[in-house]
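Count along the sequence shown from 1, then add 7; that gives the number in the numbering used here. Every residue, glycine too, gets a C-beta built ideally from N, C-alpha and C. Report on the following structure.
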Amino acid sequence: MVTQAIVKMGNKKLATPSTPVANFKNPLSGCPELALLIQNMKDTMIAKEGVGIGAPQVGCNKRIIMFGFDENKRYPNKQPVPFTVLINPQYRPLSEEMIDGWEGCLSVPCIRGLVPRYLSIEYSGYDLQGNLVTRLAEDFHARIVQHECDHLDGILFPYRLKDLKEFGYEDELGEQIYL
Ligand code: NI
């Protein structure tokens, strides 16, 4: 297992829009660097107890995200989300309905904020074999996808806060952040 240092808020890479992965129809063939990047992202996400990660968080401005968990200590009351790698991901809301939820980020350690996200989305992207994956998602699953896609556009969750009072340290905010 090779874990990468997680880039934290303030680092310019996190504020930089990422570029699409070229040759995405079979992204891993003949591209050991990309395979290694994705493996490093996975190892790092698991080691840091993340529910998702974007390539910029390991210092690479490529449009790659991954997410998923069965059980997670940082989000103990959430339903499982299937482990998914998406290259060049996109999403669209299925309605205008937004829902507030507490979010954290490995690049903003020990902090949570209440962030509005679309309740239901359709997302797509390419998997490791170059197949197009398209799924519908709601609630926390949809929230993670929106959060990770934001990373690819240089957006961190604190930029989306409606109220700075609903933002703070995990150990001060208490149990509400785990509901
Ligand atoms: Ni994040």
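- If you check the CB distance, G61 and E155 come in under 9 Å.
- Here C117 is exposed: its Cβ has fewer than 16 other Cβ atoms, across all protein chains shown, within 10 Å.
- With respect to L21, L163 sits close: the two C-beta atoms are nearer than 9 Å.
- Boundaries for A54: no beta strand (DSSP E) harbours it, while the alpha helix (DSSP H) harbouring it runs 39-54, taken from the DSSP string.
- Taking one beta carbon from each stretch, the segment 85-97 and the segment 138-155 have 3 or more pairs nearer than 8 Å; the two touch.
- Ranking S25, Q11, D107 by CA distance to the CA of Q46 puts Q11 first.
- CA-to-CA, the gap between L186 and F147 works out to about 11 Å.
- Under the rule that a run must span 4 or more residues, no alpha helix (DSSP H) segment is found entirely inside the segment 89-131.
- When DSSP reads this structure, V140 sits in a beta bridge with G132.
- Look at E155 here: in three-state DSSP terms it is helix.
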